[in-house]
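Note sheet for the following structure.
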Amino acid sequence: MTDNTTNAAVTHRHDWSSDRFQGNLARRRRGEKILAGLGLGAIALAFLMLAILLWTLISGGAQAFRQTHVAIEVPISAELVDPADPSEGNYRNVVRDAMQATFPDAEPSELRALSGILSNAAQFVIRDKVVADPSLIGQTVSINVPASDPYDQLQKGNVDTDSDESTRRLNDAEIAAFQQLQDQGRITMPVNWALLANADSRFPELAGLKGAIIGSAYALLVCFLISFPLGIGAAIYLEEFAPKNRLSDIIEVNINNLAAVPSVVFGLLALAVFLGWFGMPRSAPLVGGLTLALMTLPTIIIATRNALKAVPPSIREAALGVGASRQQVVFGHVLPLAMPGILTGTIIGLAQALGETAPLLLIGMNAFVTAAPSTPLDAATALPTQIFIWADSPERGFVSRTSAAILVLLGFLVMMNAVAIFLRNRFERNW
Amino acid sequence: MYDMNRVETDVTQDDIKIAARDVQVWYGEKHAIKDVNVDILDKTVTAFIGPSGCGKSTFLRCINRMNDTIPSAKIEGRITLDGDDIYDRRIDPVQLRARVGMVFQKPNPFPKSIFDNVAYGPRIHGLARNRAELDEIVEKALRGAALWNEVKDRLAEPGTGLSGGQQQRLCIARAVATAPEVLLMDEPCSALDPIATGQVEELIDQLRSEFSVVIVTHSMQQAARVSQKTAFFHLGNLVEYGDTDDIFTKPQDSRTEAYISGRIG
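Sequence lines, in order, name chains F and A. Take -14 as the starting number for the first sequence in this note's numbering and just add one per residue. Take 95 as the starting number for the second sequence in this note's numbering and just add one per residue.
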């Protein structure tokens, strides 16, 4: 009996169509489907989150790309503006006269409130025009000036006119006055170029990103100039020349650790070293760039080492075999072949640096600066710190401008990543 | 007249190009080459045969100091090229490798043009004084590697675009462009098809007129076809060294006999 079963087992053919095997197969198929489904679900969730993020930003920020303007006729009298010195004229009263001309029925006591429809910058817009062309004195000039933030919000439909008068910034009389301007066809909403062309301002209708964009550009330039050559040099030494021993292992582990250090720690380091010991200027993009370089260095070193490792050893052997020195092998063959990978890693590192906020806060790049920096030593903000400042501001107009600034920052990041992908595809090699 | 010529060839053939004495190689703890003594002759093809891991490639790489690039490798003993110790401190490995060229197992042209591949060695060693001289060197090397007629109209095209056999001959051209005295070949045909192998073998036979050629091969037929001298390595030892005909027809050592008759390998 026992012998029989043993013999049967040896010659036995599995019955693949039996319930046992079919069940097994079904279970495996089910497991595979569940895994694929979970993966798909995770990706769908990620896309949903991305869509929600973009939708929130675009719906909130779109308004900031337009700005309400008021067209007014400004009589420039020689009494208020001295033709000999047009820059010192009493432009506040020039604006008042213009509002008087626009609202002929208004009492003089109401004119102050009516002038509030126009941006605080209206008088400076007029002044600049007159200074540029003093022959305007004595004439009446048509000018398009930005409306102040409460009226801009009213025009954009962010004010509920049916709500209790005491709960809103504009009373019924002010809304009526603005309605009057609208009926006269004086209200327009052109594209808000000031968002890109102006530096920061207390007044949302005047605030722009110019200072932040230039500040970020300077900081990134400094960051690149320092971290790129240093990072490549360090990576080449570690990968091609350093002896493989305990010391180089320790260095390697610590570079990887450095890449994981929270950025705020680098900010504290920069505060202590660059500002404290070296006495560099506060809020300067130069210091910001140095700080970001500290963070970007490990990223570039790791990316460069991986790119160098990916160059096939046969190329090194070929060059060594005809008598190239190690330096000739590295600079003549390995480095050029690794360059696409190095550039991709560098751009991704710089994109990270562009979005970094915490270390810049610690070195004072969140200052209120109303002029764009002309050198890397001037005080400036950067895009992420500008977003931080605006998000903190109470004026209603800054809400949409914060979203708009985030969109601008994301636009730059997408551009940088696109360049990285382009470089990778353009220079990718098959061996 | 005929006899005189005959005598001359004999004399040149007996010129010892490379002499190895008591060579030992360690990779870390592993004793890869044990007590190897061998005299490699000028204008001769010497084949190193033996089973995988027997140390034949390792020994080949000692001759142009390619093992220097492996940090754990340690070499003892004495290898001389024309009587000069190549491990002497005064010898620069970079210059040695221009005198002892090497062709690798897998064709490894640089991802550059055919011209630049061949011109690389002459350029880094400053062998050409001007462009015309460089052109001449490149043409001579490509002719020497029997590749000139196939590529003379497309020297600017990438070397990686050639077929496998052409790539390997390009690598041979690159090696001979520095006018080496010895050419080391590490299984140069193992990645090639039979037709390309035949072309390379024919080429090796021609190269013998100018260089001392040392070839590592897995194929005993290849060793028999191309070489005049054969060395059999086994487990790091040089078991037997002699005329190729003798090794294959009347081996002295039982291990050699076992290997060539296919019992070990």
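Beta carbons: idealized from backbone N, C-alpha and C, even for Gly.
Could you tell me if residue i is buried or exposed, where buried requires 16 or more neighbouring beta carbons within 10 angstroms of its beta carbon?
i	result
F/I348	buried
A/Q316	buried
F/P71	buried
A/Q346	exposed
F/V130	buried
F/P214	exposed
A/A192	buried
F/F316	exposed
A/Y96	For A/Y96, the predicted model reports a pLDDT of 43, less than 50, meaning its position is unreliable; a value from the coordinates is still stated below. Looking at its Cβ environment, which holds fewer than 16 other Cβ atoms inside 10 Å, A/Y96 is exposed.
F/S212	buried
F/N351	buried
F/Q164	exposed
A/N202	buried
F/W375	buried
F/A63	exposed
Less than 8 Å between the CB atoms is what I'm expecting for residue i and residue j, so what's the real figure, rounded?
i	j	result
F/T366	F/V354	6 Å
F/M174	F/Q140	7 Å
F/P344	F/T276	5 Å
A/F198	F/S299	7 Å
A/V308	A/M279	7 Å
F/V59	F/A83	4 Å
A/L190	A/N158	6 Å
A/G258	A/L286	6 Å
A/I169	A/D133	A/I169 to A/D133, Cβ: 18 Å. No contact.
F/S100	F/E190	About 14 Å; that fails the 8 Å criterion.
When the Cα atoms are used, what is the spatial distance from residue i to residue j?
i	j	result
F/R12	F/A27	23 Å
F/S2	F/N410	49 Å
A/G171	F/P228	24 Å
F/A107	F/V115	12 Å
A/A167	F/A405	40 Å
A/P145	A/G330	10 Å
A/D364	A/I185	A query on residue 364 of chain A cannot be resolved here, the shown segment of chain A reaching from 95 to 359 and no further.
A/G149	A/T338	19 Å
A/T106	F/A295	Because A/T106 carries a pLDDT of 46, less than 50, the predicted location of this residue cannot be relied on, and the following value inherits that uncertainty. The straight-line gap from Cα to Cα measures roughly 46 Å.
F/T125	F/A202	42 Å
A/V276	A/L297	15 Å
F/E159	F/L194	30 Å
F/A336	F/D377	24 Å
F/G200	A/T152	58 Å
F/L256	F/N183	29 Å
F/L394	A/L154	59 Å
F/W417	A/L264	The question about residue 417 of chain F has no answer here: the residues shown for chain F are numbered -14 through 416.
F/M280	F/S248	7 Å
A/R217	A/T272	9 Å
A/F209	F/F259	52 Å
F/A132	F/F50	14 Å
Could you name the residues of chain A that residue i contacts, counting a contact when the two beta carbons are closer than 8 Å?
i	result
F/A303	F198, N202, P203, F204, C265 and R268
F/L322	P205
F/P228	P165
How would you list, in chain order, the residues of chain F whose beta-carbon sits under 8 Å from the beta-carbon of residue i?
i	result
A/A192	V307 and G308
A/G195	G306 and V307
For residue i, which residues in chain F fall below 9 Å Cβ to Cβ?
i	result
A/T163	R301, E302, L305 and R311
A/M279	Correct list: empty, because the minimum Cβ distance to chain F is about 11 Å.
A/I218	A304, V307, G308, A309, S310, Q313 and G317
Return the bridge partner residues of residue i from the DSSP annotation.
i	result
F/Y203	F/Y203 is not bridged to any residue.
A/Y335	A/A325
F/N9	DSSP, once it has assigned bridges, lists no residue as partnering F/N9.
F/W1	Looking at the DSSP assignment, F/W1 forms no beta bridge with any residue, so it has no partner.
A/V276	A/V194 and A/S306
A/Y121	A/K124 and A/A167
A/I143	A/F326
F/E225	F/E225 is not bridged to any residue.
A/L175	A/I112 and A/D178
F/N410	None, per the DSSP bridge assignment.
F/A132	F/L103
F/H54	F/P131 and F/T173
Give the residues of chain F in contact with residue i, contact being defined as C-beta atoms less than 7 Å apart.
i	result
A/T152	The premise fails here: A/T152 is roughly 14 Å from chain F at the closest Cβ pair, so nothing lies under 7 Å.
A/Y214	V307
A/Q189	G308
A/T272	V307 and G308
A/M314	Simply none; closest approach about 26 Å.
Chain A partners of residue i, CB-CB under 7 Å?
i	result
F/H318	F204
For residue i, is the beta carbon positioned less than 7 Å from some heavy atom of the ligand MG?
i	result
A/R349	This structure lacks the ligand MG, and indeed carries no ligand of any kind.
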